[in-house]
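Novice: Sharing a structure here in structure tokens format.
Protein chains: 2
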Amino acid sequence: MIIDGKKIAEEILAEIAEEVKKSAKSLKLAAVLVGDDADSRRFLELKQKVAERVGVGFKLYEFPAEITTQKLRKEIVGIAKAGVNDGVIIELPLPKHINTQYILNAIPEEKDPDVLSQKSQGAFFVGKSAILPPAVEAVKIILGKNNIDIKGKNCSVFGYGILVGKPVSHWLAQEGATVSIINEFTPNPERYALTADIIVSGVGKPNLIKDDMIKAGAVVIDFAKDVDFENITHKASLITPPTGGVGPIVTVSVLKNLLKLLKND
Amino acid sequence: MIIDGKKIAEEILAEIAEEVKKSAKSLKLAAVLVGDDADSRRFLELKQKVAERVGVGFKLYEFPAEITTQKLRKEIVGIAKAGVNDGVIIELPLPKHINTQYILNAIPEEKDPDVLSQKSQGAFFVGKSAILPPAVEAVKIILGKNNIDIKGKNCSVFGYGILVGKPVSHWLAQEGATVSIINEFTPNPERYALTADIIVSGVGKPNLIKDDMIKAGAVVIDFAKDVDFENITHKASLITPPTGGVGPIVTVSVLKNLLKLLKND
Numbered sequence: 070m071i072i073d074g075k076k077i078a079e080e081i082l083a084e085i086a087e088e089v090k091k092s093a094k095s096l097k098l099a100a101v102l103v104g105d106d107a108d109s110r111r112f113l114e115l116k117q118k119v120a121e122r123v124g125v126g127f128k129l130y131e132f133p134a135e136i137t138t139q140k141l142r143k144e145i146v147g148i149a150k151a152g153v154n155d156g157v158i159i160e161l162p163l164p165k166h167i168n169t170q171y172i173l174n175a176i177p178e179e180k181d182p183d184v185l186s187q188k189s190q191g192a193f194f195v196g197k198s199a200i201l202p203p204a205v206e207a208v209k210i211i212l213g214k215n216n217i218d219i220k221g222k223n224c225s226v227f228g229y230g231i232l233v234g235k236p237v238s239h240w241l242a243q244e245g246a247t248v249s250i251i252n253e254f255t256p257n258p259e260r261y262a263l264t265a266d267i268i269v270s271g272v273g274k275p276n277l278i279k280d281d282m283i284k285a286g287a288v289v290i291d292f293a294k295d296v297d298f299e300n301i302t303h304k305a306s307l308i309t310p311p312t313g314g315v316g317p318i319v320t321v322s323v324l325k326n327l328l329k330l331l332k333n334d
Numbered sequence: 070m071i072i073d074g075k076k077i078a079e080e081i082l083a084e085i086a087e088e089v090k091k092s093a094k095s096l097k098l099a100a101v102l103v104g105d106d107a108d109s110r111r112f113l114e115l116k117q118k119v120a121e122r123v124g125v126g127f128k129l130y131e132f133p134a135e136i137t138t139q140k141l142r143k144e145i146v147g148i149a150k151a152g153v154n155d156g157v158i159i160e161l162p163l164p165k166h167i168n169t170q171y172i173l174n175a176i177p178e179e180k181d182p183d184v185l186s187q188k189s190q191g192a193f194f195v196g197k198s199a200i201l202p203p204a205v206e207a208v209k210i211i212l213g214k215n216n217i218d219i220k221g222k223n224c225s226v227f228g229y230g231i232l233v234g235k236p237v238s239h240w241l242a243q244e245g246a247t248v249s250i251i252n253e254f255t256p257n258p259e260r261y262a263l264t265a266d267i268i269v270s271g272v273g274k275p276n277l278i279k280d281d282m283i284k285a286g287a288v289v290i291d292f293a294k295d296v297d298f299e300n301i302t303h304k305a306s307l308i309t310p311p312t313g314g315v316g317p318i319v320t321v322s323v324l325k326n327l328l329k330l331l332k333n334d
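Line by line, the protein sequences are chains E and X. The first sequence begins at 70 in the working numbering and counts up by one. The second sequence begins at 70 in the working numbering and counts up by one.
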């Protein structure tokens, strides 16, 4: 079955819209774009569209690619301090010369729906976070909607990045799955993937995961267009398509987190 | 080869003793024991012996098993605040009714050589900690002393506990290893272990890892007496014995961390 991420996202958006309506205060999400990467801009435009549809204000702050870490940090501190901004998201990756974690740490935990500051990640890794990183929330939603019990499942996670691999592999392990973390240095990734009940991928390398690497009936959640979708669809029991798959669920998870953080205040 | 943990620990202790001598200030480690578990007491006595040998003062604070979380938290806050205490360690596990992470969070990052508070773990998980959790430091020392490159290695980590499995699996993945996290629900752990170049175990279940589960030439680091040592020794290229193995290296790593934290101040 192909997972209809758009449909799942719409269901969650309807719930969010209801909650936003009930909220006494008007909500605003601040988004930061550094440089002018076309993909980053497109992702933020999608987030803006979705936020505004459910009545959440969205303000884009743009900075040139050449900005220094110190200057950017100061800007983010200001954006995060502004009472009008209820949450701050920074589109990654940042330019290479920027100290990314230092920048992310300028977002206080209660305004960090992406769960990326050191404090937010710390809370997540010790099991004390009120919200889950959006990629984890998306995996949880997909598995939950399909009544897939995680405990005892074999999982292969491709990549160990800050947005997908690291948080998702930790969460799956914490939930009782057997988790294999696969990276670019893994000599034979198929050895893990071939027996995996659940494959999660967040690498960004087209056709990294081919049909002869997965077992029949596997669940395939592809965050980064790593999967040879055309040839794998028939084999997987559940699979996210490259478009309208996990992406829309991640986007609404950011908004869901924003609301949860406000309720926690 | 059987890893002589005592010998490695002695080498590190000699370095620590030198540093302590050079230090202007006399150092003290505060240790907390809740209840009267014989193993916990023995571990703390070992830590005390080693600390005092290198000239680090050691003070044991004991509390009854029935103490409440709130009362214990207050006590730890006091112990951590005392200027005389340069570091605070809490012997785990705590009694079941205690909120362990909440207690650990009472230790400020700069006095947390075990890297167990939420803040310390957060720093470790984002790669911003000045020190490594003692179990990770021990693995790093053992692999380093034997010139074993982690990148591209297949690793099986048994258990996902706060002291061993969780930090070690994260660190190995971050260093570029392929990491499989195995738990009690894993249907066939040998499928992972049999191809592992490095096995790390922190479960506490004797004979969990048997000789027919490891490949010839594997490196076996056993934190919790999980390994059928007698029958595996001949097969492993490197193995920690159940006594005088990784334990003494973990203990000196706590002292090494204490010194590093003071230098960072």
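C-beta atoms are modelled at their ideal positions from N, C-alpha and C, and glycine is treated no differently.
Taking just the CA atoms, how far does S95(E) sit from S238(X)?
Specialist: Locating residue 238(X) in the second sequence gives position 169, counting from the first residue. Locating residue 95(E) in the first sequence gives position 26, counting from the first residue. Between S238(X) and S95(E), the C-alpha separation is close to 43 Å.
Novice: Are I66(X) and A78(X) close, meaning C-beta to C-beta below 8 Å?
Specialist: Since the displayed chain X opens at 70 and closes at 334, residue 66(X) lies outside it and no answer follows.
Novice: Give me the DSSP bridge partner(s) of F227(E).
Specialist: Here the question's residue 227(E) lines up with position 158 in the first sequence. BP columns for F227(E) point to I251(E), S270(E).
Novice: Please list the residues of the segment 228-239 of chain E that have a C-beta atom closer than 9 Å to any C-beta atom in chain X, keeping them in chain order.
Specialist: Listed in sequence order: Y229, I231, G234, K235, S238, H239.
Novice: Could you tell me the alpha carbon to alpha carbon distance between G74(X) and F292(X), rounded to whole angstroms?
Specialist: Within the second sequence, the letter at position 5 stands for residue 74(X). Within the second sequence, the letter at position 223 stands for residue 292(X). Distance between the alpha carbons of G74(X) and F292(X): 12 Å.
Novice: Mind checking the segment 118-150 of chain X against chain E and listing, in chain order, the residues whose C-beta falls within less than 7 Å of any C-beta there?
Specialist: Of all residues in the segment 118-150 of chain X, none has a Cβ within less than 7 Å of some Cβ in chain E.
Novice: Taking only beta-carbon atoms, is V248(E) less than 8 Å away from chain X?
Specialist: Residue mapping note: residue 248(E) aligns to position 179 of the first sequence, counting from 1. Yes - at least one Cβ of chain X is within 8 Å of the one on V248(E).
Novice: Taking the alpha carbon of Y130(X) as the point to measure from, which residue in G124(X), K329(X), N154(X) has its own alpha carbon closest?
Specialist: Taking the first residue of the second sequence as position 1, residue 130(X) is located at position 61. Ranking G124(X), K329(X), N154(X) by Cα distance to Y130(X) puts N154(X) first.
Novice: Check whether the Cβ of G191(X) lies closer than 8 Å to any Cβ atom in chain E.
Specialist: The residue labelled residue 191(X) in the question sits at position 122 within the second sequence. Judged by the 8 Å Cβ criterion, G191(X) is in contact with chain E.
Novice: To the nearest angstrom, how far is the alpha carbon of N168(E) from that of Q117(E)?
Specialist: As a first step, residue 168(E) must be located in the first sequence, where it is residue number 99. As a first step, residue 117(E) must be located in the first sequence, where it is residue number 48. So the two alpha carbons sit approximately 26 Å from each other.
Novice: At 7 Å on the CB atoms, spell out the chain E contacts of V195(X), in chain order.
Specialist: Position 126 of the second sequence, counted from the first residue, corresponds to residue 195(X). Residues of chain E passing the Cβ test: Q170, Q187, Q190.
Novice: Using the Cβ count rule (16 or more neighbours within 10 Å means buried), how would you classify N300(X)?
Specialist: Here residue 300(X) corresponds to residue number 231 of the second sequence, with the count starting at 1. When all chains shown are included, N300(X) counts as exposed.
Novice: Under 8 Å, do I200(X) and V184(X) count as touching if we go by C-beta distance?
Specialist: For this step, residue 200(X) is matched to residue 131 along the second sequence. For this step, residue 184(X) is matched to residue 115 along the second sequence. Against a cut-off of 8 Å, the Cβ pair of V184(X) and I200(X) comes out as a contact.
Novice: Please decide whether P256(X) counts as near chain E, where near means a Cβ-Cβ distance under 8 Å.
Specialist: Here residue 256(X) is taken as the residue at index 187 of the second sequence, counted from 1. Chain E, which has a Cβ nearer than 8 Å to the Cβ of P256(X), makes this yes.
Novice: Within 10 angstroms of the Cβ of Q190(E), are there 16 or more other Cβ atoms? Answer buried if so, exposed if not.
Specialist: What you label residue 190(E) is simply residue 121 of the first sequence in a count that begins at 1. Q190(E) should be labelled buried.
Novice: When the distance is taken between beta carbons, is I176(E) closer than 8 Å to I217(E)?
Specialist: In the first sequence, the residue the question calls residue 217(E) occupies position 148. In the first sequence, the residue the question calls residue 176(E) occupies position 107. It is not a contact, given that the beta carbons lie outside the stated cut-off.
Novice: Could you confirm whether any beta carbon from chain E is found closer than 8 Å to the beta carbon of I268(X)?
Specialist: On the second sequence, position 199 is the one that residue 268(X) refers to. It does not; no Cβ of chain E falls within 8 Å.
Novice: Run the CB neighbour count on M282(X), radius 10 Å, all protein chains shown included, and call it buried at 16 or more, exposed below.
Specialist: For the purposes of this step, residue 282(X) is taken as residue 213 along the second sequence, with counting starting at 1. Burial call: buried.
Novice: So that I know if they touch, is there some Cβ in chain E lying closer than 8 Å to that of I159(X)?
Specialist: On the second sequence, residue 159(X) is found 90 positions in, with the first residue counted as 1. No, no contact with chain E.
Novice: Shortest alpha-carbon distance to V119(X) belongs to which of P256(X), K235(X), E135(X), I85(X)?
Specialist: For the purposes of this step, residue 119(X) is taken as the residue at position 50 of the second sequence. Taking only the C-alpha atoms, the option nearest V119(X) is I85(X).
Novice: Rounded C-beta distance between C224(X) and I251(X)? I'm assuming under 8 Å.
Specialist: Translated into the one-based positions of the second sequence, residue 224(X) becomes position 155. Translated into the one-based positions of the second sequence, residue 251(X) becomes position 182. With a Cβ gap of about 10 Å, C224(X) and I251(X) do not count as contacting.
Novice: For the pair the segment 88-105 of chain X and the segment 154-165 of chain E, tell me if three or more CB-CB distances fall below 8 Å.
Specialist: With the cut-off at 8 Å, the segment 88-105 of chain X and the segment 154-165 of chain E do not touch.
Novice: Quick one: list the residues of chain E neighbouring I251(X), beta-carbon separation under 8 Å, in chain order.
Specialist: Stepping through the second sequence from its first residue, residue 251(X) is reached at position 182. Simply T247.
Novice: Quick one, which of N276(E), A285(E), V323(E), V288(E) has its alpha-carbon nearest K294(E)'s?
Specialist: As a first step, residue 294(E) is located in the first sequence; it is residue number 225 there, counting from the start. Ranking N276(E), A285(E), V323(E), V288(E) by Cα distance to K294(E) puts N276(E) first.
Novice: Ignore the nearest five residues each way along the sequence and tell me which others in S109(X)'s own chain have a CB closer than 7 Å to its CB.
Specialist: Numbered from 1 along the second sequence, position 40 holds the residue referred to as residue 109(X). Contacts found: L102, E160.
Novice: Using a Cβ-Cβ cut-off of 8 Å, state whether G271(X) counts as contacting chain E.
Specialist: The count along the second sequence starts at 1 and reaches residue 271(X) at position 202. G271(X) does not count as touching chain E.
Novice: Alpha carbon to alpha carbon, how far is K143(E) from E80(X)? Give it in angstroms, no decimals.
Specialist: On the second sequence, position 11 is the one that residue 80(X) refers to. On the first sequence, position 74 is the one that residue 143(E) refers to. Looking at the two C-alpha atoms, the distance is approximately 46 Å.
Novice: State the start and end residues of the unbroken alpha helix (DSSP H) segment that holds I81(X).
Specialist: On the second sequence, residue 81(X) is found 12 positions in, with the first residue counted as 1. Unbroken alpha helix (DSSP H) run through I81(X): 74-91.
Novice: What are the boundary residues of the beta strand (DSSP E) that A100(E) is part of?
Specialist: Here the question's residue 100(E) lines up with position 31 in the first sequence. Run containing A100(E): 97-103, per the beta strand (DSSP E) assignment.
Novice: Could you list which residues in chain X have their beta carbon closer than 8 Å to that of T264(E), in chain order?
Specialist: Sequence index remark: in the first sequence, residue 264(E) carries index 195 (1-based). Within chain X, the residues near T264(E) are R260.
Novice: If you measure between the beta carbons of V195(E) and Q187(X), is that distance less than 8 Å?
Specialist: Your numbering for residue 195(E) matches position 126 in the first sequence. Your numbering for residue 187(X) matches position 118 in the second sequence. Result yes, Cβ atoms of V195(E) and Q187(X) sit closer than 8 Å.
Novice: Across which residues does DSSP place K128(E) in a beta bridge pair?
Specialist: The count along the first sequence starts at 1 and reaches residue 128(E) at position 59. K128(E) is bridged to A99(E).
Novice: Can you grab the Cα-Cα spacing for the pair D181(X) / F112(E), in whole Å?
Specialist: Counted from its first residue, the second sequence places residue 181(X) at position 112. Counted from its first residue, the first sequence places residue 112(E) at position 43. Going from the Cα of D181(X) to the Cα of F112(E) covers about 40 Å.
Novice: Classify E206(X) as buried or exposed, calling it buried when 16 or more other Cβ atoms lie within 10 Å of its own Cβ.
Specialist: Translated into the one-based positions of the second sequence, residue 206(X) becomes position 137. The residue is buried, with at least 16 neighbouring Cβ atoms inside 10 Å.
Novice: For L328(E), which residues of its own chain have a beta-carbon under 6 Å away from its beta-carbon, when the five flanking residues on both sides are left out?
Specialist: Walking along the first sequence from the start, residue 328(E) turns up at place 259. Within the same chain, L328(E) has close Cβ partners E88.
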